[in-house]
Structures are given as structure tokens and as C-alpha cells.
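Everything below concerns the one structure shown next.
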DNA sequence: GCGCTGACTTAGCACAACTTGA
DNA sequence: TCAAGTTGTGCTAAGTCAGCGC
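In the working numbering, the protein residues as written are 31 to 607.
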């Protein structure tokens, strides 16, 4: 009864934070213990990519120096390549090979017999045409830009929301991925392949029986309409490169995602309570008689100490050659009994998720070192380091140690606890706001380094650094002037006061610039966003802001505040992870 | 156990949108 | 007011992990 009453309140005012927080707790504790994710789900279905518009006749394609009119299908695929002409991708052999193979499939038999060598294809007119179009888009008038904006807004309002259990929720990706050329990361064997256009007939709709079902475009059909309330997705289709399923799901601000996120951090907090026991256990296991247990224990030590990912097996030749902890190979580590004055050093060098390089030299305990020597005995470089271990074995073991424990919980736990410790260590209530924020970013950075969240240095980095330095120099000159003026303004008390406050103001500005420069330099190759969004319990940041008198807007932008609304609502100043 | 698949989270990059200072 | 620089958002690839059938 009480529950029912609450729901009514929620329906009446779905956007009221306090109330949605209640529904949140109810949902987690009472409503969905049986894998049911919702009772009611209604939406408008996906937005398809716009149909292909053939090129104007003056934009020509040349083969072997001669103009050649392509069939619409072949032309469309050619434009995908033309649009990427300036990208390094198009110079890579695999990319070109894959593209050409798939392009030929789209050609008429006549085209296929003529076009036999990609090197003889000239796409430059197409490429120039698209560049001109992009330029034209940029230089549109204010009114035109506003019109586009309004149209986008209209689409968002129509397709960007759904109703799930009495809440109107934002959908994350309501637009179907347009066709194009597949761009894998790193050395992907499938780069350049044609990602085909998705049609209504490829689409599975998921919604509740008693909802208004989404309508396919006129004269078309959905592949299937199902009513599976044990899953959270609204739309799915099978992608043609890997044959995997893609989904349309809800925005991170939605109840269903927020709840899950909250749960994730609660699991990490439970790990905090038993991590000492687990650490003692794996240290004991280093001595085990059984090889499989020693391997498990050393791997777990790496996952815990270095925040490595679990490392599932991957199908060879289907994806880029990347590894995580359990899939490390002998060639990925080097052992140094002594290195730079430290004993038992392990050097890691491998490509992880997204082909981001993990390079680290770490001193380890002697037992770990000896075990690693043992694991590597009589093995080839491309043999598995942990040949008696995989993620499934590891996670089964972890499950026995703590309910809900898996390898990735260690990343969440270590990231969040590091942030909390670093914030305690680095920040001082006495400092001013820019200094506090620099400290926050430094704490955030410690986590990003731990998790190896890298980014390519921004293209404009050097220049923007230089600009900042110029500003700092100018500000220093200004400060020197102000100091001189203050000195010479001895007699008049009022003038003195004014000069003093001016000097103070300039000092503040200078400090702010210097802090900004430090922050930016330290951030050159480190991405803070990923850890902020996925690994750091937002309640730690909310509590810190409250304690330090920092407005939450300084730490989280609008999107982030929406995602972490539950935490902003929940966490008090004394929150402890 | 073992391989496979589906569902869901995590990830970096490209580009659009906004901000700032000349 | 505009270009340059900076930040935010969208996109979609690439992971993790549970569950299933054998």
C-alpha cells in the first residue's frame, strides 16, 4: 500500500529528484529481484540513417585517368572511401584490401570487370566535394543553423525519449549507425570492410505488450517485435563485421542505468571490507603446491596492484591482438632480478583494450618474481604466461571469496579508494578554489594513471601551451608594474588602498594562470574523463565538494551531473567510500 | 569444463558547440 | 564580431561476464 502511494507521487512528479531517489531504492530493494527490468516500456523505435543521395553529375570519379560513371551502389561505397582520403587509414594495406574486396561486391559486373586496381582509382573530386560541403555547412547563416538545431531538437523530442515504468527517460543512441567503412582500433584485421546499411527488416523491437508499438517506415517491416522485460534494450540489430548484436539503450541519467551504477559502487565498497582477507589469501596462494593456484594468485595480485583488466581470450585473426591479465603472454613481460637499484622488477609491455600500450616497470615481492620465472620456464614468447588460468576460472574463484566479486570490481575499488586517499592527502580547506581544483584534478590524474587511461596529445597542445605561457609572462609584467605603482603611492591612503587591491587581483589572476598551465602540462597524455565517468564513486566527489565549499559544477559538467544525480542527492559531506 | 552468445559496461576519438580575447 | 582555442557530446568499438547447451 505504502509502495503504491509512493508510485503515485512519482508519477505526479517524475523529475523531482528526491522522489525519483525513493523509487530508485524501492526498485533495487523490492521490485526487481527476479531479473525483471521493467513492467512497462513504450518508445517510437529507431531513427534510420538518411538514404544515399547520389553525387551531382559534375563530381566525377576517374579510373586509370578516365572518367567513369558509377552505379549508385558502387558510388555510395566509393564516397565512404573518398570521405576518409585524408586519413592515415586509407594508406594501410589491410584497410585498402578489405575495402576493395567489399567495394567490388557492390559493383555491377561491368564495373567489376573494369575496376581491378584500387591504385588506379581517383577519388579526389569526391573528396573535394565533401570538403566543400563541410565548409558550406560551417559558414551557414545564423538562421539556417538555428533551423537545423530546431529540427534536431524536434527529432530528439520525438524519438529521444521513452516511457519506462512511469518515468519518461532519455534514450542514449536512438539513431541507427549509418553505413560506412569499419574503422577498428590498432591493427585490426577487418579495418576498411563495408559496414552495411541497416534496414527496418534487420531491427528487433523490444517493448511491452500493452504499449503503443513503434511503427516501421511506410511499406516496411520490423524483423521482430518482442516483449522481453528481462533486458533493458529497446532496439537491437546484428552488425555485419563481427556478427555481434548492437543495441539502443537508455541514457546514463535513466533510473535503470543509475541504479546499476550505484550497485557497482556498493559492490566495490563491500570489497573494501574484505580486501585485506583476500590479499592475505592470495599471498598464501603464492606458495601453493598447485600450479593453477599459484597462477591464479599471481594474476590476482596484478589485477589488484596494477588495476589490470581481466583479459578474456579473443578469437585470433578476428580482432586486434590485445591482452589483459589472464591472456598475458611470455613476450609481454621481462624479469629483472635487479634494475636501477631495485630488486625483482617486472617490466610490462603490451597492448591493452583499444590497443592502448601498457608500459610499466614495477618491483614485486620475491615470491611473485620466483613464480613468474617458474611460469615462463620452457615456454616460447607467444605462449600464455598463465597457461592454467582464464577469466572464467578466476571469476569463479572471486565469486567464492565475496558475493558479486569479479576481476573488474578491483579496478573500481582501487580507483575509488585512490581518489579518496589522494583527495585527503592533497587538499587543504584553507586553499583557494583554483588550488583545490588543481588538487582534485591531480587526484583524478593519479587514478587515470593507475587505470592507464591515455589519450593522444591534442593536436594543438604545443601551441596552446605557448599561448598560456605568453599570458603568464604578460601577467607577470603587469604585476611588476602594479608593485611599482603601489610603492610610489605612499602619501594618499585611498590611492594606496586601490593599488593594493589591484596588486592582489593581479596576483590572483597570475596564480590562476600558473595553476592552469601546470594542470594542462600534467594532463598532456592522460584522459581524466574515463575514470571520472566509470570508476570513481561520484559520492566521493560530491562529499569533497561539500566539505571544501566547491560548487559541484566545477567538477561535473551538465551531462555528468545528470548521470550522477543519484549521488548528488545522496551523499553528505561525511560520506566515506 | 568448454565454447559460444547475449547483454551490458568501458573506451578513445572526431567533431560540434561554446567561450574567449583581439 | 570573428577566429582561435577549449570543452562537451555523440559515436561506436572493444571490453567484461553470466548463462546456456553440450
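All residues carry an ideal CB built from backbone N, CA and C; glycine is no exception.
Being a predicted model, the structure only gives us computed values, none of them experimental.
Handout entry: Start-to-end residues for the alpha helix (DSSP H) that takes in residue 427
Key = 421-431
Problem - For residue 590, the three-state DSSP class (helix, strand or coil) - result: helix
Exercise for the section: Would you tell me roughly how many angstroms separate the C-alpha atoms of residue 58 and residue 421, rounded to the nearest one? Expected result: Residue placement at residue 58 cannot be trusted, given a pLDDT of 45 that sits under 50; what the coordinates show is reported in the next sentence. Going by the C-alpha atoms only, they are around 28 Å apart.
Exercise for the section: Answer yes if the region 413-428 comes into contact with the region 569-588, meaning at least three C-beta pairs across the two stretches below 8 Å, and no otherwise. Expected result: no
Practice task
Could you tell me if residue 348 is buried or exposed, where buried requires 16 or more neighbouring beta carbons within 10 angstroms of its beta carbon?
Solution key: exposed
Practice task
Just list the alpha helix (DSSP H) runs in the region 502-537, keeping only unbroken ones of 4 residues or longer that don't cross its boundaries, in chain order.
Solution key: none
Problem - Outcome for residue 578 when other beta-carbon atoms lying within 10 angstroms are tallied against a minimum of 16 - result: buried
Problem - Local Cβ density within 10 Å of residue 394, reported as buried at 16 or more and exposed below that - result: buried
Handout entry: Nonlocal neighbours in the same chain, by C-beta distance under 6 Å from residue 205, ignoring five residues either side
Key = 77
Exercise for the section: Report yes if the CB atom of residue 265 is closer than 8 Å to the CB atom of residue 286, and no otherwise. Expected result: no
Problem - Where the alpha helix (DSSP H) through residue 25 begins and ends - result: Not covered by the structure: residue 25. The range shown for the chain is 31 to 607.
Exercise for the section: Would you tell me roughly how many angstroms separate the C-alpha atoms of residue 220 and residue 455, rounded to the nearest one? Expected result: 47 Å
Handout entry: 8 Å Cβ cutoff met for residue 195 and residue 69
Key = yes
Exercise for the section: Check whether the Cβ atoms of residue 71 and residue 200 lie closer than 8 Å to each other. Expected result: no
Practice task
Pick helix, strand or coil for residue 320, following the three-state DSSP scheme.
Solution key: coil
Practice task
Use the C-beta contact count for residue 538: other C-beta atoms within 10 angstroms, 16 or more gives buried, fewer gives exposed.
Solution key: exposed
Handout entry: DSSP three-state assignment for residue 194, whether helix, strand or coil
Key = strand
Problem - Which listed residue (550, 547, 515) has its alpha carbon closest to that of residue 533 - result: 515
Practice task
Mark residue 523 as exposed unless 16 or more other C-beta atoms lie within 10 angstroms of its C-beta, in which case mark it buried.
Solution key: exposed
Practice task
Tell me whether the beta-carbon of residue 612 lies closer than 8 Å to the beta-carbon of residue 73.
Solution key: Nothing about residue 612 can be reported from this structure: the residues present for the chain run from 31 to 607 only.
Exercise for the section: Count the CB pairs spanning the region 363-381 and the region 187-194 that are closer than 8 Å, and state whether there are at least three. Expected result: no
Problem - Distance between residue 530 and residue 584 (C-alpha atoms, nearest Å) - result: 29 Å
Practice task
Can you grab the Cα-Cα spacing for the pair residue 536 / residue 445, in whole Å?
Solution key: 37 Å
Handout entry: Own chain partners of residue 145 with C-beta closer than 6 Å, once the 5 adjacent residues on each side are dropped
Key = 93
Exercise for the section: Spatial neighbours of residue 184 within its chain, please: CB distance less than 6 Å, with the 5 preceding and 5 following residues excluded, ordered by chain position. Expected result: none
Problem - Burial state of residue 337, where buried means 16 or more other Cβ atoms lie within 10 Å - result: buried
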